[in-house]
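Numbering (our numbering), first residue to last: 75 to 696. Every residue, glycine too, gets a C-beta built ideally from N, C-alpha and C. Let me begin by presenting the structure, written as structure tokens, before commenting on it.
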């Protein structure tokens, strides 16, 4: 009646052994480390680079625990404590070029060699320390950008079809294409409809100037534009974070317009905010040398085909409205110094399409002046008296460089006129990572220090231990031998939770620890139901063997119902919740699944071993 087949014992033993092996790495504390990554295959990390790092650290009196090479692009340097780690990062940054290598603070497991293939579970930002940003994408700017692009495309398309038009003008959320006659409008409509089918709705209208077309983005196109802006921004932010050299960052979508960025180990959010929130790009335009920019600035009237800009020294300058090249064609950018003036520079590399376009533009304008316009988008948030927030976009456009085109330029060239090496490095980083599809602004920011993270770990561990011990004492005193069996199952349950989190490289957060504490109480709940049912069967006159069998069988449906409803709640929390709530839901779901195994199958196996082999059992220690 109370005997398991051999395969069930083998299954339980296998699960216990696998669980212990995967949970073991978590017993070894993580070591502070620095991860050095080569940003280009042209500059791999070899013995020469390692020797430079060793000399730099030795000159500062910083002791190194160990240096590991991970392929040709990564090196991991371990230290004894975080103070040495922070000092070592500055020393390495001073030694290695920022454009060729990135340095990231990291925590590496201190597991023995035979366990190096297994990793402990990851710790969340609240346990490890770092910076948390919640960023919102300016979807209005994304739509505006799409309309501006369509406006330019309409002009080029109508010119290519040799259809005369008076102009393309934007009014609110749509474009107006003006024509001289209704016949020209009808001809344009037939051609343009085929080109922009399912993307833009065209309506024939009459304005004060005559026949016109109203062009408006379709609802599907608007949704796709927003979706593209969000995904493109996530990709760009991920590239920028990689340039920052942050180890194991979390960048994920939240809702339809927001992005969560978590940077473990980053303690100074100022630089991270500049890199993440800035939309920077370049424009190359010809200088209008035939008109006086000071006259245009004082009168407020600019010549036709020109735009008025300011140089960094405040002087006005007239540039042609037509853009020769934009930053979207840039594939690589590196900061450096001019060999003649020793001033900071950025060397830019273009893709094939951009190189061809720029070669044609510069080749046709040799010996003419060209201006480089630096465009930066930022959004500031101001809290109003009524508690709401006001978003104020700020666009800075300034001419950072004016030079005479000496010859036709190709895929690689250099720009100067930057204020400092730091500015050239930041500009190169932003250009290299790519422009954001739409501006983003930070709506929430949190910085968690490493000491607070360590305190959270201690507090969380303490809560688990106290809850665990109190449950062990209660079960042992109240249910005697059966209580000790339940305690063994509870211990195994904790081991399995840690093992599963480690196996799938899940991230443990403070709410996750709360989920484990809750699981500790819920895990013995199943055993309480079983044991009370056994006691009830004994009172009803059943034999001990029959009572054990009946207790487990009759309590199973109740336990299953309770755990399934809790599991449904955990799934809903995971699907609908954000980061911290998801952490709680994950540990709760894992705890429910493992407690079902340990509380029912695990305890039954041990009880069967104790009582199932005896022919005549007169008394149960319950």
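By Cβ distance below 6 Å, which residues in the same chain neighbour residue 440 in space, the five residues on each side in sequence not counted?
479
The region 104-123 in contact with the region 177-187 per 3-pair CB rule at 8 Å:
Contact between the region 104-123 and the region 177-187 is present, because at least three Cβ pairs lie under 8 Å.
Cα-Cα separation, residue 152 to residue 138
If I take the Cα positions, the gap works out to 6 Å.
CB-CB length for residue 597 against residue 677, believed under 8 Å
Not confirmed; about 11 Å, so no contact.
Host alpha helix (DSSP H) of residue 180 (start-end):
Residue 180 -> not in any alpha helix (DSSP H); beta strand (DSSP E) instead, spanning 175-183.
Hey, out of 141, 325 and 350, whose CA is closest to residue 514's CA?
350
With 16 other Cβ atoms within 10 Å as the buried cut-off, status of residue 559
Residue burial annotation: residue 559 is buried, with at least 16 other C-beta atoms found within 10 angstroms of its C-beta.
Do residue 412 and residue 506 have their CB atoms nearer than 8 Å?
Note that the C-beta distance between residue 412 and residue 506 is not below 8 Å.
Taking Cβ positions, are residue 272 and residue 299 nearer each other than 8 Å?
no
Nearest-angstrom Cα separation, counted from residue 434 out to residue 295
One Cα belongs to residue 295, the other to residue 434, and the distance between them is close to 33 Å.
List the residues that DSSP assigns as beta-bridge partners of residue 152.
107 and 140
Does the beta-carbon of residue 416 have 16 or more other beta-carbons within 10 angstroms, so that it is buried, or is it exposed?
exposed
contact_flag[the region 631-641, the region 568-578] where n(CB pairs < 8 Å) is 3 or more
In short, these stretches do not touch, since the Cβ pair count stays below three.
So, is residue 120 buried or exposed, given that buried needs 16 or more other C-beta atoms within 10 angstroms?
exposed
How many Å lie between residue 265 and residue 276 at the Cα?
One C-alpha to the other measures close to 12 Å.
So, using beta-carbon positions, are residue 473 and residue 385 closer together than 8 Å?
In this structure, residue 385 lies closer than 8 Å to residue 473 by Cβ.
Using 8 Å for Cβ pairs, my map puts residue 510 next to residue 420. What's the rounded Cβ distance?
The pair is not a contact, with the Cβ atoms about 19 Å apart (cut-off 8 Å).
What does the alpha-carbon distance come out to for the pair residue 482 and residue 134?
The alpha-carbon atoms of residue 482 and residue 134 are separated by roughly 48 Å.
From 376, 237 and 610, pick the residue whose C-alpha is nearest to that of residue 259; which is it?
237
Could you compute how far the alpha carbon of residue 445 sits from the alpha carbon of residue 475?
When rounded, the distance between both Cα atoms is 6 Å.
Quick one, which of 450, 616, 93 and 401 has its alpha-carbon nearest residue 427's?
401
For residue 196, which residues does DSSP report across the bridge?
The secondary-structure analysis by DSSP pairs residue 196 across a beta bridge with 581.
In angstroms with no decimal places, state the Cα-to-Cα distance between residue 468 and residue 240.
32 Å
Cβ distance (whole Å) where residue 620 is taken to contact residue 673 below 8 Å
21 Å between Cβ atoms; not a contact.
Buried or exposed: which applies to residue 557, given that a residue is buried once 16 or more other Cβ atoms fall within 10 Å of its Cβ?
buried
Do you know offhand how far residue 128's Cα is from residue 337's?
27 Å
Just to confirm, is the Cβ distance from residue 394 to residue 362 under 8 Å?
The answer is yes: Cβ separation under 8 Å.
Helix, strand or coil, according to DSSP, for residue 698 in the structure here?
Absent from the model: residue 698. The displayed extent of the chain is 75 to 696, so no value can be given.
Residue from 609, 649, 630 and 658 with nearest C-alpha to residue 590
Comparing Cα positions, the closest option is 658.
Can you tell me the Cα-Cα spacing of residue 249 and residue 355, whole angstroms?
25 Å
Cβ neighbours of residue 390 in the same chain (closer than 8 Å, five flanking residues each side left out):
367, 368, 370, 371, 382, 383 and 384
Neighbourhood of residue 666 by C-beta, 8 Å cutoff - its chain only, sequence neighbours within 5 removed
For residue 666, where only same-chain residues beyond five positions count, the Cβ hits under 8 Å are 593, 596, 637, 640, 641 and 644.
For the alpha helix (DSSP H) containing residue 619, name the first residue and the last one.
618-650
Spatially closest choice to residue 622 from 696, 656 and 632, by CA coordinates
696
Could you give the DSSP three-state label for residue 409: helix, strand or coil?
strand
Please check the pair residue 581 and residue 198, which I expect to be a contact at CB under 8 Å, by giving their CB distance rounded to whole angstroms.
5 Å
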